[in-house]
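Chains as they are written, first to last, in our numbering: chain Z, 918 to 1394; chain L, 340 to 799.
To start, the structure itself, in structure tokens.
Shown next as structure tokens:
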């Protein structure tokens, strides 16, 4: 990007709020996934008006735009596949309004997910979507990717908690859709834009639902000798219509790594554990816990522990939420997968994942949202070793293909991004892509907004140009 | 459409669906009336492929299509600007896939809700889609109409439990979105747009839902209050508690008089029909239900309830049926009844309610009101005569509602109204603020404007 264009962008947000030196840009060429793509310029707007000016300038110079929250995404959604401008929303991080009476909060996209909960918890409320990265990921990013988390089993993903958005369209027009009301007037536009991965518009304001904290919470840790026993338990719980607020599984190998990291008292000698949480009024929590313990015992659980206080509960959850970090200590890199299967097929799917691990010769850890069938196999590898990298990618693809084949889906909460765009053909036909393309073209006709995402290269928009920036560093380096 | 053209088209359609499923006789077509408009041909495809072929022919011949299910509520929506073909989807019915262990089901569009409920009940499950016209409505029609359910208070709307859809877009292509699993963010969530779209975007052929286990026990709590202020105070106290009821509805005295009396077994409860009645539904084990009963009674006493009673499973299900059918009952309560629906904010509910009742009373039409989940108001005006003066009174009410815009936050819609009044009232022609975005969606889904022209908000 030449200096005169950079100075035009600088005039929109001020020179202090732009980054253009290679040593700065390198920090923005990755997210939580294995892909990399370096922007040519990173800008930090502080208002919707600044975003509008940036978008208009990009259109004028025909420069692709990608929005970015905290860069914790796991599908390359916030990576500039076509180079160009990255609009980072970190400075638009104000909670604009908290309306307890109507249980809504209006926030800027750069507000960190957990900061919203922190701001309202004194009044007994919280923001329900709880990705593992909730202490750093932004609500704008959650909206783009329609993020989930452990408690989405009971409370749904981001789309179930958003009622209104302010959008900046790729022509610089500002639109408001929805609002605080429980339902839209007309088509459910929020339903379309949440999870559209930044390919239809940039989100500059979000109206989110606030949920009420339950009266009682109980966290159980069920310990099993084998992965099969744990998965059979989950399938049986679903069949017996027991619906906890969260039901997470960690396999024994993963658990050892986690225990070394957080010292939460997880057993080091088991096949798998289930971390199960029940919430509600005290009587419901007591009843459900008894039912869950019964199912666990029926499937040979060695032990079912109940966290005795909030401190122990938080420690167990810390183990779950930092598990990916814990595994990061064991190999130079890891690849977190995200695929969904019908819950009744959990045991067979886990067996297949373990087989694929053996075939690839790589270690695969399993830490995932068992209750809703959302797998997160984590493949450990060394990216400097091309063979390992290629085997990791192949193993991951094999797992995802298998999940789709047994009636599942490509992604449960991380999004398609650039990670899975080529795999979209596993689920969608040419006719499906044709409709997606028409919708995409209605909102993003020039294709400048987040090019190269969702659509496979051959099936994307004619207008979706993916310019290969000379700065783009292929992986592995 | 000229009779000649209709007959030549009819023979073309016969080649697609077979002669017995192509209807052109007047008495047959009358069944497919929408606001007084009649199609030239009514078609009953047996498969999505046949329906897609019909759409392709319609596009080629520049014909308009209104898709329908069992036609239980065709009066919802604006008067169509064109209507050539009725596409009756009731033959595409049945369960496509159901694995009870997954708590998901895939259903063809023409399946009756009542049949679906029975199939799920055999596996001790249910779908929280308790919408009006329940015994007659099809799944596809229920989704396209956007009607809501008293269970929305805890189970939400289809946007929360519909996980995927298959449909025919306006080019005649069979497309889909979502999938059959409970958690899925792959691709654009088009199925969310179909909910409440009144057939204006696509022809729904199959829907995938998350299902729910039937609770061990379902009970209700009914409390009557001297006025709406006391009833709403009870709602506020309930919202501040830890209770998470499944149903939360408030009935005005007029509603209770019209729809609760004579309804056994609820009649035996001897509810005060002069009072505002709050109905709270809850479910769970007997311990959970007992706690609800205790706490609700306490909250009702504090809010100065005149009377309060617990209703057990069978009575509660009767109550739920009354609430489920409320919009339909309001519609049939009088020859010329007009049913409005307002979505508002809990904090603005008291002001909106006061204003609406005052407008109605000024029009000499005491309104029957049902408040759903502290944010949806169903209101029926029941004129005694179907004359000019009644129309003027209703028009006065509509204008008065219009004057609230900017003062209160709400979305109004005219749910049911005599067709001859619909255009005169011009109520549904109000456009959403983001109409331009709606038009873009319409253009992408239905580039030729084939589906249900003029039926959706803003003339879409």
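Virtual Cβ for every residue (Gly too), placed ideally from N, Cα, C.
First through last residue of the beta strand (DSSP E) which encompasses residue i
| i | result |
| --- | --- |
| residue 446 (chain L) | 443-447 |
| residue 501 (chain L) | 501-507 |
| residue 1328 (chain Z) | Per DSSP, residue 1328 (chain Z) belongs to no beta strand (DSSP E) and is neither H nor E. |
| residue 1164 (chain Z) | 1163-1168 |
| residue 405 (chain L) | 404-407 |
| residue 347 (chain L) | Element bounds for residue 347 (chain L): not the beta strand (DSSP E) but the alpha helix (DSSP H), 342-356. |
| residue 784 (chain L) | Note, residue 784 (chain L): premise wrong, no beta strand (DSSP E); alpha helix (DSSP H) at 774-784. |
| residue 750 (chain L) | 749-755 |
| residue 1194 (chain Z) | 1189-1197 |
Residues of its chain near residue i, where Cβ-Cβ distance is below 8 Å and the 5 sequence neighbours each way are ignored
| i | result |
| --- | --- |
| residue 442 (chain L) | 464, 521, 549, 550, 551, 552 |
| residue 935 (chain Z) | 923, 926, 927, 958, 959, 960, 961 |
Check whether residue i and residue j have beta carbons under 9 Å apart
| i | j | result |
| --- | --- | --- |
| residue 755 (chain L) | residue 677 (chain L) | yes |
| residue 1297 (chain Z) | residue 1278 (chain Z) | no |
| residue 586 (chain L) | residue 619 (chain L) | yes |
| residue 699 (chain L) | residue 705 (chain L) | yes |
| residue 405 (chain L) | residue 393 (chain L) | no |
| residue 985 (chain Z) | residue 954 (chain Z) | no |
| residue 1256 (chain Z) | residue 1321 (chain Z) | yes |
| residue 498 (chain L) | residue 534 (chain L) | yes |
| residue 1138 (chain Z) | residue 1191 (chain Z) | yes |
| residue 693 (chain L) | residue 588 (chain L) | no |
| residue 680 (chain L) | residue 666 (chain L) | yes |
| residue 812 (chain L) | residue 420 (chain L) | Residue coverage of chain L in this structure runs from 340 to 799, which leaves residue 812 (chain L) outside it and unanswerable. |
| residue 1332 (chain Z) | residue 946 (chain Z) | no |
| residue 1110 (chain Z) | residue 1060 (chain Z) | yes |
| residue 536 (chain L) | residue 795 (chain L) | yes |
Residues of its chain near residue i, where Cβ-Cβ distance is below 7 Å and the 5 sequence neighbours each way are ignored
| i | result |
| --- | --- |
| residue 675 (chain L) | 722, 725, 729, 757 |
| residue 1382 (chain Z) | Residue confidence is low: residue 1382 (chain Z) scores 34 on pLDDT, short of 50, so the model does not pin down where it sits. No coordinate-derived value is stated. |
| residue 967 (chain Z) | 929, 930 |
| residue 1145 (chain Z) | 1264 |
| residue 1361 (chain Z) | 1087, 1116, 1117 |
| residue 530 (chain L) | 501, 503, 504, 516, 517 |
| residue 739 (chain L) | 698 |
Neighbourhood of residue i by C-beta, 6 Å cutoff - its chain only, sequence neighbours within 5 removed
| i | result |
| --- | --- |
| residue 1081 (chain Z) | 1095, 1096, 1124 |
| residue 1051 (chain Z) | 1030, 1031 |
| residue 1149 (chain Z) | 1216, 1264 |
| residue 670 (chain L) | 676, 678, 755 |
| residue 1262 (chain Z) | 1323 |
| residue 593 (chain L) | 705, 707 |
| residue 389 (chain L) | 355, 356 |
Extent of the continuous alpha helix (DSSP H) to which residue i belongs
| i | result |
| --- | --- |
| residue 738 (chain L) | 727-741 |
| residue 703 (chain L) | Taken as a continuous stretch (DSSP letters only), residue 703 (chain L) belongs to no alpha helix (DSSP H), as it is neither H nor E. |
| residue 1146 (chain Z) | 1144-1156 |
| residue 616 (chain L) | Residue 616 (chain L) -> not in any alpha helix (DSSP H); beta strand (DSSP E) instead, spanning 615-622. |
| residue 1358 (chain Z) | 1347-1360 |
| residue 474 (chain L) | First-last for residue 474 (chain L): undefined, no H or E at that position. |
| residue 652 (chain L) | 652-663 |
| residue 1264 (chain Z) | 1263-1277 |
Name, going along the chain, the residues of the region 552-579 of chain L whose beta-carbon falls closer than 7 Å to a beta-carbon of chain Z.
Those would be 552, in chain order.
Under 8 Å (Cβ pairs) to chain L, residues found in the region 1078-1098 of chain Z:
Within the region 1078-1098 of chain Z, the residues whose Cβ lies closer than 8 Å to some Cβ of chain L are 1092, 1093, 1094, 1096, 1097, 1098, listed in chain order.
Does the region 1362-1375 of chain Z come close enough to the region 1009-1017 of chain Z to have 3 or more Cβ pairs within less than 8 Å?
At 8 Å Cβ cutoff, the stretches do not touch.
Three or more C-beta pairs under 8 Å: does that hold for the region 1299-1307 of chain Z against the region 1336-1343 of chain Z?
Not touching, per the Cβ criterion.
Proximal residues, the region 522-547 of chain L versus chain Z, C-beta separation under 8 Å:
Hits within the stretch, in order: 522, 523, 524, 525, 526, 527, 528, 529, 531, 532, 534, 535, 536, 540.
Count Cβ pairs between the region 1192-1199 of chain Z and the region 1127-1145 of chain Z that sit closer than 8 Å; are there 3 or more?
Of all C-beta pairs linking the region 1192-1199 of chain Z to the region 1127-1145 of chain Z, three or more are shorter than 8 Å, placing the two stretches in contact.
Under 8 Å, with one C-beta from each stretch per pair, do the region 1174-1193 of chain Z and the region 1226-1234 of chain Z reach the 3-pair mark?
Contact between the region 1174-1193 of chain Z and the region 1226-1234 of chain Z is present, because at least three Cβ pairs lie under 8 Å.
Under 8 Å, with one C-beta from each stretch per pair, do the region 502-512 of chain L and the region 1347-1355 of chain Z reach the 3-pair mark?
Of all C-beta pairs linking the region 502-512 of chain L to the region 1347-1355 of chain Z, three or more are shorter than 8 Å, placing the two stretches in contact.
Could you tell me whether the region 374-392 of chain L touches the region 493-502 of chain L, where touching means 3 or more Cβ pairs closer than 8 Å?
By the criterion of at least three beta-carbon pairs nearer than 8 Å, the region 374-392 of chain L is not in contact with the region 493-502 of chain L.
Using 8 Å as the cut-off, can you tell me whether the region 637-646 of chain L makes contact with the region 568-582 of chain L, which would need three or more C-beta pairs spanning the two stretches below that distance?
When C-beta atoms of the region 637-646 of chain L are compared with those of the region 568-582 of chain L, three or more pairs fall below 8 Å, so the two segments count as touching.
Okay, do the region 765-780 of chain L and the region 1106-1118 of chain Z touch, 3+ Cβ pairs below 8 Å being the bar?
Between the region 765-780 of chain L and the region 1106-1118 of chain Z there are three or more inter-stretch CB-CB distances shorter than 8 Å, so the stretches are counted as touching.
Does the structure place the region 445-452 of chain L close enough to the region 470-481 of chain L that three or more beta carbon pairs sit under 8 Å?
Contact holds: three or more Cβ-Cβ distances are below 8 Å.
Anything in the region 1309-1325 of chain Z with a Cβ closer than 8 Å to a Cβ of chain L? List those residues in chain order, please.
Taking 8 Å as the cut-off between beta carbons, the residues of the region 1309-1325 of chain Z near chain L are 1324, 1325, in sequence order.
Contact between the region 377-387 of chain L and the region 426-441 of chain L (3+ Cβ pairs under 8 Å):
With the cut-off at 8 Å, the region 377-387 of chain L and the region 426-441 of chain L touch.
At a Cβ cut of 9 Å, what residues of the region 1054-1066 of chain Z count as close to chain L, listed as they run along the chain?
Result list: 1062, 1063, 1064, 1065.
Which residues of the region 1342-1369 of chain Z have a Cβ closer than 7 Å to any Cβ of chain L? Give them in chain order.
Residues 1344, 1345, 1348, 1349, 1351, 1352, 1353, 1355, 1356, 1359, 1360.
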